[in-house]
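So for the sequence shown, this note's numbering puts the first residue at 90; every next one is plus one.
Written below as structure tokens is the structure these notes are about.
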Amino acid sequence: MSFKRSLTIKAPRTLRYFSEEIKRKKVSEIEQGLTRVAELCKQYQVSRTAVYKWLRLYGSNHSKPERLIMESKSDTQELLRLKQRIAELERLVGQKQIQLEFKDKMIDIAEQMYGVDIKKKLSTPQSDTFGSGGTATPAL
């Protein structure tokens, strides 16, 4: 048993451009109930997508609808808690930065007053043992 497919060749559709005036008129007719989207599509050989685009652009309610986001109360509370935590951590980081800058300035002043390179001395690693036979002690 063999099935034969009948091939129908469709004529290429011609591109048509409708003026804004025609689009507004047809949208008005749809909104007044004088015609339906399906009738308009058939009469002018226009896709439903195009007609709904016209409705969105030229319809009386052409403003974008509001977007409503639903979330549970616990999600909202968790989000607020996390935002507060972020603010607290940012404040702490700011305080620590001020302390570090203050200490660096104090070291710079001490280096100038005593003529000693303190930063260089702090950057050298300290030994953690005393002599060759001593016990290991943590560096302070």
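Note that CB positions come from ideal geometry on N, CA and C, so glycine has one too.
Note that the structure is predicted; figures quoted are calculated from it, not measured.
* How long is the line joining the alpha carbons of valine 162 and leucine 171, rounded to whole angstroms? -> Correcting the residue identity first, residue 162 is lysine in this sequence and not valine. Answer to the nearest angstrom: the Cα atoms are 14 angstroms apart.
* **Endpoints, alpha helix (DSSP H) assigned at valine 116** => 109-121
* Asked: By Cβ distance, which residues of its chain are closer than 6 angstroms to glutamine 132, with the 5 residues on each side in sequence left out?
  -> none
* On a CA-only basis, which of Lys209, Glu179, Trp143, Gln188 is nearest glutamate 118? Give me that one, please. => Trp143
* Nearest-angstrom Cα distance between leucine 123 and valine 116? -> 10 angstroms
* Asked: Which stretch, first to last residue, makes up the alpha helix (DSSP H) that contains lysine 183?
  -> Here residue 183 turns out to be glycine, not lysine, going by the sequence shown. Segment 162-203, the alpha helix (DSSP H) holding glycine 183.
* To do: Quick one: using the 10 Å Cβ neighbour count with 16 as the cut-off for buried, is valine 205 buried or exposed?
  => exposed
* Within 10 angstroms of the Cβ of valine 182, are there 16 or more other Cβ atoms? Answer buried if so, exposed if not. => exposed
* Within its chain, find whatever has a CB closer than 7 angstroms to the CB of serine 149; leave out the 5 residues flanking it on each side and keep chain order. => Glu120
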